[in-house]
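Under my numbering, read the sequence shown as residues 852 to 1349, first letter to last.
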Amino acid sequence: MKRDNQKRILRLSLVAAMLAGSSVYAGKIITDAGDPADANNTRVDNKQYGFGGWNFDNVDVRVVDVEDFATNIEDFNTTDGSYTGMGVDRSFESDIKDRSAGTVMGHLHGKDWPVGEPAGIKIINGDNAVEHGKPENCIMTSSYLSGGYLDDATPSPVICSSDFQTHKRFKINMLPTSVGEEGEYGNPIDLVFNLDPADTTTVRYQVLQKINNYTNMRLDGYKVEVLDENGSVNPALTLSLGLGEGTDSKGISDGSNIWDAEDMANMSHGLWGPVDSHFTQQGFFDDVRAYYPVTLSAPNTISYIGEMAGGNYQALFGNWLPSSKMPKGIFHDDDGDPETDGILMAFYGDPFATGTDDWHKGEADNWAIATDAERATWTGTAYEEEGIEDVLNLGLNYIINIGDNSAIGSTFILRITPHVDADQTSNPVGIIPAAAPSPDDTVDDVADTPVDIEGNTASSGGGGGCSYNKNSKSFDMMFLILLGLGLLYPIRKKLLRR
């Protein structure tokens, strides 16, 4: 324990020394990002932008080959944020461990290079371009803007105020080690952040994240807590759901809420959501948001236990699905851009509970079974069959209020704990599919049908569901050669979609 404490003190000292000459905002989580308005000029190649705030004492950052996520083959320096060897054949994963036993509780992911860089979380302070009362500080993923990716001439980091769908959220895959008994809270996943211990002001941070169910158990809720460095409730650390904290277009407080109830803990809008200013089509499964109606159950705790509210998620799938029950879908790369999300065309299941699984289009198409012509079209290179990961991913919006740092200590803990559903056996009749057929099997029965598929795009009433199955990473050397030549654009799209 003494050696661990010495290691921790040394690491914090090195981070502090690294930042001593930079502009560290008083009262805020440590970061080397500087002025967000000058982000393009302050970042350094092969070094994470916005580094210094995430404490790595319970984290292992692994830079890996896309063929082998188990082996760390490159280096991420947790002292200064520098890294080696990133490219299209590399990825990264940050293992979040239990702070006492060292058991890995969750995997943290951001976007793969060139869209993102390790370690997956950055801290932004002083972004005064935010609107509607959102904090000008945020905890977010280490991504870059389209046209300014890491392989472009001038990389441009994503910041708090960046536009919609610019990959702001980091993902935590909650693992089987984070759950326990049915009907009970599981084991916590702790993110620890470094503070300026001399500050006495109160500062607000928006947290931009998703929590994903890879626990192998159905969940029915979660809780988020903020605790001081001793793991204790502290009046200088509180949470907020933005109620009454909104502002008008001039930045003047108007008593509005920053987020609606369905925005605080929800499933993908591309799967469950209405047509709006960002989405030209309704969600694939429903035009109503699916969400958990979370509440501030204590000054330092946001929580909810119960059924999924809003859209038809609960009716179709039951409560929060684990990856072991993830349905399969067929996705279309509609724009030829590997860095944008594919459109979900069909999923494999039985929405009418007929007893027979098949490839069905979305709710807007009345769950129509795909035609032979559509199945033939979906064998093209612009289409892929893969898991619909967004049915596992809950997007969170909330605010951390950090008060007198001298009363908190040099670090604080952001703790996420899943709640296990008491019912692990029953499923909605017919909707949880058996193993979906392989892409070849999908169209075996129409492979010999004379169908003109040139320029023929399949019809779909839904769209926008992004999917990535982290267990699907098989490559060969010819794949990498073709990828480098740009001949496997749709497959490269899958890799970069995370």
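Glycine included, every Cβ here is placed at the ideal spot set by N, Cα and C.
Best match in the options for proximity to residue i [C-alpha to C-alpha]
i	options	result
Ala970	Arg913, Asp978, Lys1019	Arg913
His958	Leu1094, Ile1181, Asp1041	Asp1041
Tyr1164	Asp1071, Asp1105, Gln1132, Pro1039	Asp1071
Gln1016	Phe1130, Asn1085, Val1139, Asn1038	Phe1130
Ile1264	Gly1082, Ala1227, Ser1104	Gly1082
Ile1153	His1120, Asn923, Val1058, Phe1203	Val1058
Glu1080	Val1043, Asp963, Lys1074	Val1043
Asn1064	Ser1175, Ser1148, Tyr1036	Ser1175
Ser951	Thr1222, Lys1179, Asn1038	Asn1038
Trp1123	Thr1146, Ile1109, Gly1097, Ala1166	Ala1166
Val966	Phe1136, Asp949, Thr992, Asn1252	Thr992
Asn1067	Gly1246, Thr1028, Gly1095, Asn923	Thr1028
Ile974	Ile1010, Asp949, Asp963	Ile1010
Leu1046	Ala1204, Leu1078, Asp926, Gly1246	Leu1078
Pro1279	Thr1052, Phe1168, Val917, Gly1031	Phe1168
Ile1023	Ser1148, Lys962, Ser1107, Thr1228	Lys962
Glu1076	Ser1128, Val1030, Tyr1155, Phe1136	Tyr1155
Thr1232	Ala1149, Ile1267, Asp1184, Arg1266	Asp1184
Leu1172	His1018, Ala888, His960, Met1025	Met1025
Glu918	Asp940, Gly903, Asp926	Asp940
Gly984	Asn1256, Glu1096, Pro1008, Asp931	Glu1096
Pro1269	Lys1074, Asp1002, Lys1212, Ile990	Lys1074
Ala884	Ser997, Pro1008, Leu1247, Phe927	Pro1008
Asn1117	Val1145, Ile1109, Asn1108, Phe1021	Val1145
Ala1258	Lys1212, Glu968, Thr1053	Thr1053
Asn1151	Thr1191, Ser1128, Ser1107, Ile1267	Ile1267
Ser997	Ile990, Asp1014, Cys989	Asp1014
Asn1256	Thr1051, Glu968, Arg1020	Thr1051
Gly1121	Phe1136, Ser1107, Ser1128	Phe1136
Phe821	Val915, Glu1033, Asn1248	No statement about residue 821 is possible, as the shown extent of the chain runs from 852 to 1349 and does not include it.
Neighbourhood of residue i by C-beta distance below 6 Å, restricted to the same chain and skipping five residues each side
i	result
Ala980	Ser1012
Lys1321	Residue confidence for Lys1321 is low, a pLDDT of 37 falling below 50, so the modelled location carries little weight; the figure read from the coordinates is stated next. If we look at Lys1321 and ignore the five residues flanking it on each side, it has no Cβ neighbours.
Ala1221	Ala1197, Trp1210
Arg1055	Pro986, Ile1250, Asn1252
Asp1099	Asp1105
Spatial neighbours of residue i in its chain, beta-carbon cut-off 7 Å, leaving aside the 5 residues before and after
i	result
Pro1006	Arg894, Tyr995, Gly999, Tyr1000
Asn1170	Arg1069, Leu1070, Asp1071, Glu1158, Met1159, Asp1272
Thr1207	Asp1201
Ser933	Asn897, Lys898
Pro1178	Phe1198, Tyr1199, Gly1200, Ile1239, Val1242, Pro1284
Glu1035	Val1271
Asp1002	Pro965
Val1084	Leu1078, Asn1151
Residue i, buried or exposed, once every other Cβ within 10 Å from all chains shown has been counted against 16
i	result
Asp1272	buried
Glu1157	As written in the sequence, residue 1157 is Gly, which differs from the Glu given in the question. Its Cβ having fewer than 16 others within 10 Å, Gly1157 is exposed.
Gly1161	buried
Ser818	Since the first residue shown for the chain is 852 and the last is 1349, residue 818 is missing from the structure and cannot be characterised.
Thr1276	exposed
Asn892	exposed
Asn1244	buried
Gly1187	exposed
Ser1119	buried
Pro1086	exposed
Gly1102	exposed
Ala1049	exposed
Gly811	Any question about residue 811 goes unanswered here, given that the chain covers just 852 to 1349.
Ile924	exposed
Ala1204	exposed
Ala1004	exposed
Ala921	exposed
Glu982	exposed
Thr890	A small correction: the amino acid at residue 890 is Ala; Thr does not occupy that position in the sequence shown. Its Cβ being crowded by 16 or more others within 10 Å, Ala890 is buried.
Asp935	Reading the sequence as shown, one finds Thr at residue 935 and not Asp. By the neighbour-count rule (16 or more Cβ atoms within 10 Å), Thr935 is not buried but exposed.
Ala1149	exposed
Contacting residues, own chain, Cβ-Cβ under 8 Å from residue i (five flanking each side not counted)
i	result
Pro1125	Gln1133, Gly1134, Asp1138, Val1139, Arg1140
Gly1180	Leu1195, Met1196, Ala1197, Phe1198, Tyr1199, Glu1236, Glu1237, Gly1238, Ile1239, Gly1316, Ser1318
Lys948	Asn909, Val910, Asp911, Thr954, Val955, Met956
Gly1031	Gly1037, Asn1038, Val1271
Inter-stretch contact at 8 Å, needing at least 3 Cβ pairs: the segment 943–950 / the segment 878–893: no
State whether the segment 1086–1106 contacts the segment 1212–1224, with contact taken as three or more CB pairs (one from each stretch) at a distance under 8 Å. no
Which residue spans inside the segment 1143–1189 form an unbroken beta strand (DSSP E) run of at least 3? Those beta strand (DSSP E) runs which fall completely within the segment 1143–1189 and span 3+ residues are 1146–1149, 1152–1156, 1179–1183.
In chain order, what are the residue ranges of uninterrupted beta strand (DSSP E) at least 3 long that sit wholly in the segment 870–926? As for any beta strand (DSSP E) of minimum length 3 sitting wholly inside the segment 870–926, the runs are 910–916, 919–923, ordered along the chain.
As an exercise, report each continuous beta strand (DSSP E) stretch of at least 3 residues that is fully enclosed by the segment 1044–1085, in chain order. 1054–1064, 1070–1079
Using 8 Å as the Cβ pair cut-off and three pairs as the minimum, do the segment 1140–1151 and the segment 1112–1125 touch? yes
Which residue spans inside the segment 1208–1282 form an unbroken beta strand (DSSP E) run of at least 3? 1209–1211, 1234–1238, 1244–1253, 1262–1271
At which residue ranges does the segment 922–982 contain complete beta strand (DSSP E) runs of 3 or more residues, listed in the order of the chain? 941–948, 955–960, 973–975
Fully enclosed by the segment 1083–1142, which beta strand (DSSP E) runs are 3 residues long or longer? Taking only runs of at least 3 residues, the beta strand (DSSP E) segments lying wholly in the segment 1083–1142 are 1088–1091.
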